[in-house]
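**Student:** Can you keep this structure in mind? I'll have questions shortly.
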Amino acid sequence: MQKIEDHSGTKYYLITLKVNGDSYTRAVKANTLLVNVLREDLDLTGTKKGCELGDCGSCTVLLDGKPVNSCLILALEADGHEITTIEGLAQNDKPDKLQEAFVENAAIQCGYCTPGMIMSAKALLTRNPHPTEGEVREAIAGNLCRCTGYVNIVKAIMSAAEEQQ
Amino acid sequence: MYLPDFEYYAPATLSEACDLLEKLGPEAKVFAGGTDVLSKMKQELLFPKAIVSLKNLGGLSEIRLGNNNDVIIGAKATHNNLIDSPVLQEKYPSLCNAARQMANNQVRNIGTVGGNIVNAVPSADLPPLLIALGAKIKLVGATGERVLPLEDFFTGPNKSVIEQDEILTEFIIEEQPFTGSTYIKFALRRSGALAVASVAAAVAMEGNVCRKARIVLGAVAPTPLRAKKAEEMLTGKEITDELLEEAGSAASKESKPISDIRGSEEYRRDLVRVLTGRALRKAINEGHV
Ligand SMILES: Cc1cc2nc3c(=O)[nH]c(=O)nc-3n(C[C@H](O)[C@H](O)[C@H](O)COP(=O)(O)OP(=O)(O)OC[C@H]3O[C@@H](n4cnc5c(N)ncnc54)[C@H](O)[C@@H]3O)c2cc1C
């Protein structure tokens, strides 16, 4: 990783992230979090910040296909990896099946936890296309809804799974 | 929440990493998954001047069979690596189940076994069962390496025998007499909650006679705690319901819980009694679950 210093002596590192299929090279400080690169440098504000301590899952993105909390990952540690955010799910302007299922099942509710929920659900359905309700609930256990509840969210994920059949 | 400034190093080899840790001294922190280090830094509980990331050290995440059927678990293996490991699923599914009871899926994808141990938190979920299975750990330092029983690693909350220049590289679980083992965690929610109390049990059964038992309690003492009196009560004995109840009561007496936000001392003691009986029964009847 290349290190550079600005005139005031602040150190930056050049990192390359593959986000939603595109490569980005950015200079970041050691203490930059992945969530901040996504939101502030790449304008991908679909990924939310909630508790910022790994409990709530609002900041969930996929790192090499696996759901992780982008608030607990240094941008430097993600160097060279593939990231998928909520913005990367639609294909040719057509929303992902999960996104459609969330709309159809009124699972968006206040909307704040939705991107994280959908990323966790996406990882689940990729790995396990026909999960049981218990498996769905376990997969989103790290994504907290604080406004309404999980009934419609679970329904939406189950219906997206059925549609895949 | 923002992080304070720090220097970042990602050495390419283990010996480089140890040398660097020795050179930088106590203000440098080893960084594996970072789920604990970053949470603490954000909450202003930890201010390392430098972070030494294990990111570039290959091979440390492997879970494999070694000589004599030893199971070797690399310290950088994540909790989900444990859950998905065919070797563990075959030999010690109980370890997969213990890992599954941790945190949430996102944290399990990043948090490592090594971090869970070196943290030395009394409520950590992996130490009790690893100790029950007699796991040894390998610590590599700037001037050499040592292997010691995990049981001898912890000295108090957030304290252990690890030296500043040492890196935990792997766990070794030797082939052993136990016919069953399990870990039971009692927490206030099924996900994302730390243990109020937990019990790991490993037993070697011959018919209905217990040849050897290990019981390790979590979250009820400054370190994971062997309930040795309870173990002795079982050794060489025919297992009966009464005996399991007595072992539970003995373990409860041996525990040294504190009262805190998650539970009172009395409640924890009673949990140990109930969970010990349950864990023993499960390990005796169901094998490594
Ligand atoms: C939301 C959330 C929920 C959690 N839930 C649980 C839970 O249910 N149960 C539980 O037990 N824990 C839980 N944890 C704590 C933590 O995630 C785990 O302990 C995890 O295993 C730590 O691993 P890590 O790789 O992230 O550690 P890091 O943060 O990288 O390191 C932790 C400590 O270990 C040291 N260290 C790490 N690896 C090594 C090594 N190989 N050699 C030497 N030193 C090393 C570091 O210097 C640091 O002191 C939770 C954490 C969060 C954020």
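Protein chains in written order, with the numbering used here: chain F, 3 to 167; chain Y, 6 to 294.
All C-beta atoms in this analysis are idealised placements derived from N, C-alpha and C, irrespective of residue type, glycine included.
Could you say which of Y:A232, Y:A198 and Y:I68 lies nearest to A205 (chain Y) if we only look at CA atoms?
**Tutor:** Cα-wise, what sits closest to A205 (chain Y) is Y:A232.
**Student:** Closer than 7 Å: is that where the CB of T117 (chain Y) sits relative to any heavy atom of ligand 1?
**Tutor:** The answer is yes for T117 (chain Y).
**Student:** Unbroken beta strand (DSSP E) runs of length 3 or more, entirely within the region 158-206 of chain Y: which are they?
**Tutor:** Listed in chain order, the complete beta strand (DSSP E) runs (minimum 3 residues) inside the region 158-206 of chain Y are 159-161, 172-178 and 185-192.
**Student:** By how many angstroms is the C-alpha of I110 (chain F) removed from the C-alpha of I155 (chain F)?
**Tutor:** In a straight line, the C-alpha of I155 (chain F) is about 8 Å away from that of I110 (chain F).
**Student:** Which chain F residues sit within Cβ distance under 7 Å of M6 (chain Y)?
**Tutor:** What M6 (chain Y) touches in chain F: E54.
**Student:** Can you give me the Cβ contacts of L70 (chain Y) inside the same chain, cut-off strictly under 7 Å, excluding the 5 residues immediately before and after it?
**Tutor:** Taken in chain order, the residues that qualify are V76 and V92.
**Student:** Give the DSSP-derived three-state secondary structure of K143 (chain Y) in the structure shown.
**Tutor:** DSSP places K143 (chain Y) in strand when its eight states are reduced to three.
**Student:** To which residues of the same chain is T83 (chain Y) closer than 7 Å at the C-beta, ignoring the five residues directly before and after it?
**Tutor:** Correct list, in chain order: G38, R113, N114, I115, G116 and T117.
**Student:** Cβ closer than 8 Å: which chain Y residues qualify as neighbours of T128 (chain F)?
**Tutor:** Under the 8 Å cutoff, chain Y gives no residues; its nearest Cβ is about 13 Å from T128 (chain F).
**Student:** Tell me whether H293 (chain Y) sits in a helix, a strand or coil according to DSSP, three-state version.
**Tutor:** Strand, per DSSP.
**Student:** Let me confirm a value: F176 (chain Y) is counted as buried when at least 16 other C-beta atoms fall within 10 Å, else exposed. Which label applies?
**Tutor:** Burial call: buried.
**Student:** What does E236 (chain Y) touch in chain F if you count any residue whose Cβ is under 8 Å from its own?
**Tutor:** Near E236 (chain Y) there are no residues of chain F at all, since even the closest Cβ is about 33 Å away, more than 8 Å.
**Student:** Name the chain F residues that come within less than 7 Å of P9 (chain Y), Cβ to Cβ?
**Tutor:** Going along chain F in sequence order, the residues near P9 (chain Y) (Cβ under 7 Å) are N33.
**Student:** So, is L147 (chain F) buried or exposed, given that buried needs 16 or more other C-beta atoms within 10 angstroms?
**Tutor:** Before going further, note that residue 147 (chain F) is Cys rather than Leu in the sequence given. Label assigned to C147 (chain F): buried.
**Student:** Would the region 99-108 of chain F and the region 74-82 of chain F be scored as touching if the rule is three or more Cβ pairs under 8 Å?
**Tutor:** Touching, no, given that fewer than three Cβ pairs across the two stretches are closer than 8 Å.
**Student:** Helix, strand or coil: how does DSSP classify R267 (chain Y) here?
**Tutor:** Reduced to three states, the DSSP call for R267 (chain Y) is coil.
**Student:** Would you say Q111 (chain Y) lies against chain F (beta-carbon separation less than 8 Å)?
**Tutor:** Yes - at least one Cβ of chain F is within 8 Å of the one on Q111 (chain Y).
**Student:** Given that T40 (chain Y) touches chain F, what residues does it touch there, using C-beta distances under 7 Å?
**Tutor:** Per Cβ cutoff of 7 Å: G56 and L74.
**Student:** Determine whether the Cβ of G63 (chain Y) lies closer than 8 Å to any Cβ atom of chain F.
**Tutor:** No - not a single Cβ of chain F is within 8 Å of the one on G63 (chain Y).
**Student:** Rounded to whole angstroms, what's the CA-CA distance from E156 (chain Y) to P117 (chain F)? Just pull it up for me.
**Tutor:** The straight-line gap from Cα to Cα measures roughly 43 Å.
**Student:** Any heavy atom of ligand 1 closer than 7 Å to the Cβ of A147 (chain Y)?
**Tutor:** Result no, Cβ not under 7 Å from ligand 1.
**Student:** Taking E12 (chain Y) as the query, report the chain F residues whose CB atoms sit under 9 Å from its CB, ordered along the chain.
**Tutor:** Those are K13 and A32, listed as they occur along chain F.
**Student:** Would you please state the rounded distance, in angstroms, between the beta carbons of L280 (chain Y) and F158 (chain Y)? I believe it to be under 8 Å.
**Tutor:** With a Cβ gap of about 23 Å, L280 (chain Y) and F158 (chain Y) do not count as contacting.
**Student:** Use the C-beta contact count for A224 (chain Y): other C-beta atoms within 10 angstroms, 16 or more gives buried, fewer gives exposed.
**Tutor:** Classification of A224 (chain Y): buried, given that the 10 Å Cβ count is 16 or more.
**Student:** Quick one: what's got a C-beta closer than 7 Å to E89 (chain F)'s C-beta in the same chain, skipping five residues either side?
**Tutor:** Taken in chain order, the residues that qualify are N22, L46 and G48.
**Student:** Any heavy atom of ligand 1 closer than 7 Å to the CB of F36 (chain Y)?
**Tutor:** Within the cutoff, so yes.
**Student:** Which whole runs of the alpha helix (DSSP H) in the region 50-89 of chain Y are 4 residues long or more, in chain order?
**Tutor:** For the region 50-89 of chain Y, whole alpha helix (DSSP H) runs of length 4 or above, ordered along the chain, are 84-89.
**Student:** Should the region 11-27 of chain Y be called in touch with the region 135-147 of chain F, which here means at least 3 C-beta pairs below 8 Å?
**Tutor:** As far as the Cβ criterion goes, the region 11-27 of chain Y does not touch the region 135-147 of chain F, which means the pair count is below three.
**Student:** Beta carbon of M107 (chain Y): closer than 7 Å to some heavy atom of ligand 1?
**Tutor:** It does: the Cβ of M107 (chain Y) is within 7 Å (strictly closer) of some heavy atom of ligand 1.
**Student:** List, in chain order, every chain F residue whose beta-carbon is nearer than 7 Å to that of L138 (chain Y).
**Tutor:** In chain order: nothing, as chain F lies at least about 25 Å away.
**Student:** Report all residues from its chain with a CB closer than 8 Å to the CB of A198 (chain Y); omit the five preceding and five following residues, and keep chain order.
**Tutor:** Excluding sequence neighbours, A198 (chain Y) sits near A192.
**Student:** Chain Y beta carbons: is any one of them nearer than 8 Å to that of S10 (chain F)?
**Tutor:** Chain Y, which has no Cβ nearer than 8 Å to the Cβ of S10 (chain F), makes this no.
**Student:** Can you tell me whether I266 (chain Y) is buried or exposed? The criterion is at least 16 other CB atoms within 10 Å of its CB, across all chains shown.
**Tutor:** Flag for I266 (chain Y) reads exposed.
**Student:** Kindly list, in the order they appear in chain F, the residues whose Cβ is closer than 7 Å to that of S58 (chain Y).
**Tutor:** Neighbours of S58 (chain Y) on chain F, chain order: E79.
**Student:** In three-state DSSP terms, what is V138 (chain F)?
**Tutor:** In this structure, V138 (chain F) counts as helix in the three-state DSSP scheme.
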